[in-house]
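All residue numbers for the sequence shown refer to the working numbering, where the first residue is 773 and numbers rise by one.
Notes follow the structure.
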Amino acid sequence: MTGPLDGDGHDEGREEVGGVPRIPSPRRAADNYESLPAPEGAPPPLPHKVLQSLLGAWALSACSPEETSAVEEHLTECAPCAEEALRLRDAVGLLHNERDLDLDPLLRSRVLENCLGRRPARIPVPEWAGPYDAETARLDALLRDIGDSEWHAPVRLKWFERDRTMNRRTTVAGVISHLQAVDSLVATAIGLDDSLSPKTPTERTEAYWQGGHHPPTRAVRGPWREQTHTLVRTVSFAGRGVAELSVSYGDFSLPLRDALLDRAFECWVHADDIANAVDYPYEPPSGAHLHGMIDLAARLLPTALAERRRAGLAAPGRSLHLEVEGSGGGDWYIALDSPAAIGSPDRKVAQVALDGVEFCQLVAGHIAPEEAAAGQDGDREAIRDVLFAAASLSRL
C-alpha cells in the first residue's frame, strides 16, 4: 500500500530496517489514513480473518504483491495482528542457522567438479600430467598461506649418495628456486625457453642459486608458478605422442610422462620439507597419484641396482618381492640380476614390506635404508641392496 508522503517523497507509513519492512505504529498510521478517501474503483478490502490467515505467508515473504500490500495496510490499523506479525517475523529469523564466515575448504573443489561435470574442459589435462598439476597446486596453496618472514625459514634438503646421507641447508624460497631450476629440464625438452645451461639437476640448482638474489625471497613464487602452469598447458595442447618425448637429466633420461611424475614426487617431498619448517599441516598425495609415484620408483630400481653392481656396491641376485602397504600401495617384483630381466614370484629370493609414504621417504633420501621400518624375509643381502638402491634414487 502507498502511504502519505513527506516533503522528500518518503513513505511515512512504511520504514525499512536492514532491508526488512518495519511494521508501523497502528495509531500513527490510522491517524494519517483518516484524511484519505478510498480511491475510486479500488477492490473491496479483504476480510479480517483472511488477512489474519495470511500473516504466516507474509512473514515468510511468500505473499503475492497484492496480498503483501493488503496485509501491510491491515497491520497499520490492527494492533493484535501487528503484534502477531512481529512474533512471526522473529520466528522466521530463528529458522536460519548461523553460518561461519570462513569458506568451506572443499568449496572450490566442489564448484570445479560441478562446472566440469556440466561442461568438460575442451583441452583436458592428460591423466599422466594430473599428479604434477595437483602437487604444484597444493604447494602453491601452502605458499599463499605463509608470511613474509617464513620464506626465510631454514630448510635442510636431504638425499642419499653412495651409501651415505647427504644434506644441504637452504630456505623456503631456496627450495622453490630448486624446484623451478629442475622443472626447467622438462621445459627444455618440450621446446620452452631455458636460461640455464647445466644438464644435471644438481648443477642447474647450483647455477640458479648462484645467479639469483641472496637470499631468495617470496618473489620466486610467481615465476615458479607461472612455469608450472606453462608446463601443464603446453603438454595439454601438445596432443598424442608427447608423453614419450625424452627428458634428459644429464646422466639418464625419462619419457615425459615419467619425468612429470618424478617432478610431482619431488614437489610433494619438498612441500613436506617446507611444511615441517613452518609448522604447517600437509597430507600425502591422493592414493592414485601416490601409487603412480611408487610404481615409477619400483620400475627404476633394477637400473639403480645395476649401477650399484657396476660400482661394486651390490651383490647379484634374482628377484625380490616389494610389498608396499597403505594408500597407493601394491606388489612389485624387482629384478635383481639385470635391468632387462623381469621380476617374478617364481624367482623370488626375498620379500620386504613397508608403508607407502615411508617407501617414498626412503626414495627421497629422507630415511636411511638402515632406519626403514620394514618387514623382511629371505636373502638379507638382496633386501639390503634393494633398500640402498631405493635410497640412491634420491638427489638434490
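Ideal Cβ placement from N, Cα and C applies to all residues, glycine included.
Quiz item: To which residues of the same chain is Ser797 closer than 7 Å at the C-beta, ignoring the five residues directly before and after it?
Solution: As a working mapping, residue 797 is identified with position 25 in the sequence shown. Low local confidence applies: a pLDDT of 45 at Ser797 is under 50, so the model's placement there is unreliable, with the coordinate-based value given in what follows. Contacts found: none.
Exercise. With Ser949 as the anchor, note down where its alpha helix (DSSP H) starts and where it stops.
Key: As a first step, residue 949 is located in the sequence shown; it is residue number 177 there, counting from the start. Unbroken alpha helix (DSSP H) run through Ser949: 944-961.
Exercise. Could you spell out where the alpha helix (DSSP H) holding Tyr904 opens and where it closes?
Key: Here the question's residue 904 lines up with position 132 in the sequence shown. Residues 902-917.
Practice problem: Determine the extent of the beta strand (DSSP E) in which Gly994 is found, giving its start and end residues. | Solution: Within the sequence shown, the letter at position 222 stands for residue 994. Not the beta strand (DSSP E): Gly994 falls in the alpha helix (DSSP H), residues 993-1010.
Quiz prompt | Touching by the beta-carbon criterion (3+ pairs, under 8 Å), the segment 1015-1027 and the segment 963-974 | solution = yes
Self-check item: Pairwise C-alpha distance: Gly828 and Leu808
Solution: Stepping through the sequence shown from its first residue, residue 808 is reached at position 36. Stepping through the sequence shown from its first residue, residue 828 is reached at position 56. The pLDDT assigned to Leu808 is 46, lower than 50, so where the model puts this residue is not dependable, and the model offers no usable value.
Quiz item: Can you tell me whether DSSP reads Tyr1052 as helix, strand or coil?
Solution: Residue numbering aside, residue 1052 sits at position 280 when the sequence shown is read from its first letter. Three-state result, Tyr1052: coil.
Self-check item: Whole runs of the alpha helix (DSSP H) within the segment 1055-1091, excluding any shorter than 4 residues
Solution: 1059-1082
Quiz item: What is the DSSP secondary structure of His1093, counted as helix, strand or coil?
Solution: As a first step, residue 1093 must be located in the sequence shown, where it is residue number 321. Strand.
Quiz item: Based on the DSSP output, what are the partners of Arg936 in its beta bridges?
Solution: The sequence position of residue 936 within the sequence shown is 164, counting from 1. Arg936 pairs with Glu933.
Quiz prompt | For Asp926, the three-state DSSP class (helix, strand or coil) | solution = Within the sequence shown, the letter at position 154 stands for residue 926. Strictly speaking, residue 926 in this sequence is Pro, with Asp absent from that position. In this structure, Pro926 counts as strand in the three-state DSSP scheme.
Quiz item: Under three-state DSSP, which class holds Tyr1105?
Solution: Your numbering for residue 1105 matches position 333 in the sequence shown. If DSSP states are grouped into helix, strand and coil, Tyr1105 belongs with the strands.
Self-check item: Exposure of Val820, with buried meaning 16 or more beta-carbon neighbours within 10 Å
Solution: Here residue 820 is taken as the residue at index 48 of the sequence shown, counted from 1. The sequence shown places His at residue 820, rather than the Val named in the question. By the 10 Å Cβ count, His820 comes out exposed.
Quiz item: Quick one: what's got a C-beta closer than 6 Å to Glu907's C-beta in the same chain, skipping five residues either side?
Solution: For this step, residue 907 is matched to residue 135 along the sequence shown. Counting only Cβ-Cβ distances below 6 Å, and skipping sequence neighbours, we find Ala1036, Cys1039, Trp1040.
Quiz item: Quick one, are the C-beta atoms of Ser1166 and Gly1147 less than 9 Å apart?
Solution: Here residue 1166 corresponds to residue number 394 of the sequence shown, with the count starting at 1. Here residue 1147 corresponds to residue number 375 of the sequence shown, with the count starting at 1. Not a contact, by the Cβ cut-off of 9 Å.
Exercise. Kindly indicate which residue of Ala1069, His1061, Glu1095 has the alpha-carbon position closest to the one of Gly902.
Key: As a working note, residue 902 is residue 130 in the sequence shown. Comparing Cα-Cα distances from Gly902 to each of Ala1069, His1061, Glu1095, the minimum goes to His1061.
Quiz item: Between Arg910 and the rest of its own chain, which residues show a CB-CB distance below 7 Å, the 5 nearest in sequence each way excluded?
Solution: Numbered from 1 along the sequence shown, position 138 holds the residue referred to as residue 910. So the qualifying residues of the chain are Ala1043.
Self-check item: Extent of the continuous alpha helix (DSSP H) run through Gly1147
Solution: Position 375 of the sequence shown, counted from the start, is the residue given in the question as residue 1147. Here Gly1147 belongs to no alpha helix (DSSP H); instead the beta strand (DSSP E) covers 1147-1150.
Practice problem: Would you mind sorting Gln952 into buried or exposed? The rule is 16 or more other CB atoms within 10 Å of its CB. | Solution: Against the sequence shown, residue 952 aligns to sequence position 180. Answer is buried; the Cβ neighbour count reaches 16.
Quiz prompt | Status (buried if at least 16 other CB within 10 Å, exposed otherwise) for Asp955 | solution = Walking along the sequence shown from the start, residue 955 turns up at place 183. The residue in question, Asp955, is buried, as its Cβ has 16 or more Cβ neighbours within 10 Å.
Quiz item: Exposed or buried, which one is Glu844 when buried takes at least 16 other CB atoms within 10 Å?
Solution: Counting from one through the sequence shown, the residue named residue 844 turns up at place 72. So Glu844 counts as buried.
Exercise. With a 10 Å radius around its C-beta and 16 neighbouring C-beta atoms as the bar for buried, classify Asp1045 as buried or exposed.
Key: As a working mapping, residue 1045 is identified with position 273 in the sequence shown. The residue is buried, with at least 16 neighbouring Cβ atoms inside 10 Å.
Quiz item: Whose C-alpha, out of Leu818, Leu823, Asp1109, Ala1049, is nearest the C-alpha of Thr1075?
Solution: Along the sequence shown, read from residue 1 onward, the residue named residue 1075 stands at position 303. Measuring from the Cα of Thr1075, the nearest candidate turns out to be Asp1109.
Quiz item: With 16 other CB atoms within 10 Å as the buried threshold, where does Val1096 fall?
Solution: Looking up residue 1096 in the sequence shown gives position 324. Buried, because 16 or more other Cβ atoms sit within 10 Å of the Cβ of Val1096.
Exercise. Determine the contact status of Arg1156 and Pro1141, defining contact as a CB-CB distance below 9 Å.
Key: Mapped onto the sequence shown, residue 1156 falls at position 384. Mapped onto the sequence shown, residue 1141 falls at position 369. Yes, the Cβ-Cβ distance between Arg1156 and Pro1141 is below 9 Å.
Practice problem: Starting from the C-beta of Val1135, find all residues in its chain whose C-beta is less than 6 Å away, skip the five residues before and the five after it, and write them out in chain order. | Solution: Indexing the sequence shown from 1 puts residue 1135 at position 363. Result list for Val1135: Ala1069, Ala1162, Leu1165, in chain order.
Quiz item: Mind checking whether the beta-carbon of Gln824 lies closer than 8 Å to any heavy atom of the ligand ATP?
Solution: Although the ligand ATP was asked about, the structure shown includes no ligands whatsoever.
Practice problem: Pick helix, strand or coil for Val897, following the three-state DSSP scheme. | Solution: Numbered from its first residue, the sequence shown carries residue 897 at position 125. Three-state DSSP puts Val897 in coil, outside helix and strand.
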